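Working notes for the structure below.
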Amino acid sequence: RRAVPLLIIVANLPYLPTSDKKKLAPDVTKFEPSIALFSGRDGLALITKLLTQISKNLKPLGFKRAHLYFEFDPPQTAKLKKLAKGFFPQAQIKIYKDLAKRNRVLEIKFT
-2 RRAVPLLIIV ANLPYLPTSD KKKLAPDVTK FEPSIALFSG RDGLALITKL
48 LTQISKNLKP LGFKRAHLYF EFDPPQTAKL KKLAKGFFPQ AQIKIYKDLA
98 KRNRVLEIKF T
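Okay, so the sequence shown: first residue is -2 according to our numbering, each after it adds one.
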């Protein structure tokens, strides 16, 4: 029996909405480049781009199994889950909480 290749992607992309720039502490915005923090109006521009690329390339590259992990901003939970289901309807979607008990990591898993 031949093993099926497994793709694992862990991404900590910028995920804050541009509007959060005014809400963050000055020490954050002063020392972190904007490109490392902000990703469009809703903060999901780069995650959406990566999900698009993954969904288009998994099968052509020979992957039938994948585990994808993304860090995100807790207010994005519902929108991100819906987005993930849109790209991968058969996937198991799970949310992991951070140490402060806030939604923080999205797992998309399919085998």
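Beta carbons: idealized from backbone N, C-alpha and C, even for Gly. Remember, predicted model here, so these are calculated numbers, not experimental data.
Tell me the DSSP secondary structure of Ala42 in three-state form.
Taking the first residue of the sequence shown as 1, we reach residue 42 at position 45. The answer is helix: DSSP assigns Ala42 an H, G or I state.
Give me the residue from Ala8, Phe84, Arg99 with the minimum Cα distance to Asn54.
The residue given as residue 54 occupies position 57 in the sequence shown. Out of Ala8, Phe84, Arg99, Phe84 has the C-alpha closest to the C-alpha of Asn54.
Excluding the five sequence neighbours on either side, which residues of its own chain have a C-beta within less than 8 Å of the C-beta of Leu109, listed in chain order?
Any question about residue 109 goes unanswered here, given that the chain covers just -2 to 108.
Which word fits Gln73, buried or exposed, when buried means at least 16 other C-beta atoms lie within 10 angstroms of its C-beta?
Residue numbering aside, residue 73 sits at position 76 when the sequence shown is read from its first letter. Looking at its Cβ environment, which holds 16 or more other Cβ atoms inside 10 Å, Gln73 is buried.
Three-way DSSP call (helix, strand, coil) for Asn54 in this model:
For the purposes of this step, residue 54 is taken as residue 57 along the sequence shown, with counting starting at 1. Looking at Asn54 - three-state DSSP - the assignment turns out to be helix.
Taking 8 Å as the threshold, find out whether the region -2 to 17 comes into contact with the region 28 to 39 through three or more Cβ pairs.
yes
Check for me: the alpha helix (DSSP H) holding Phe84 runs from which residue to which?
For the purposes of this step, residue 84 is taken as the residue at position 87 of the sequence shown. 74 to 84 is the span of the alpha helix (DSSP H), which, as asked, contains Phe84.
Identify which residue in Lys56, Leu10, Ile32, Glu29 has its Cα closest to the Cα of Leu103.
On the sequence shown, position 106 is the one that residue 103 refers to. Comparing Cα positions, the closest option is Leu10.
Any heavy atom of the ligand GTP closer than 7 Å to the Cβ of Ile90?
With respect to small molecules bound, the structure shown includes none, and the ligand GTP cannot be examined in it.
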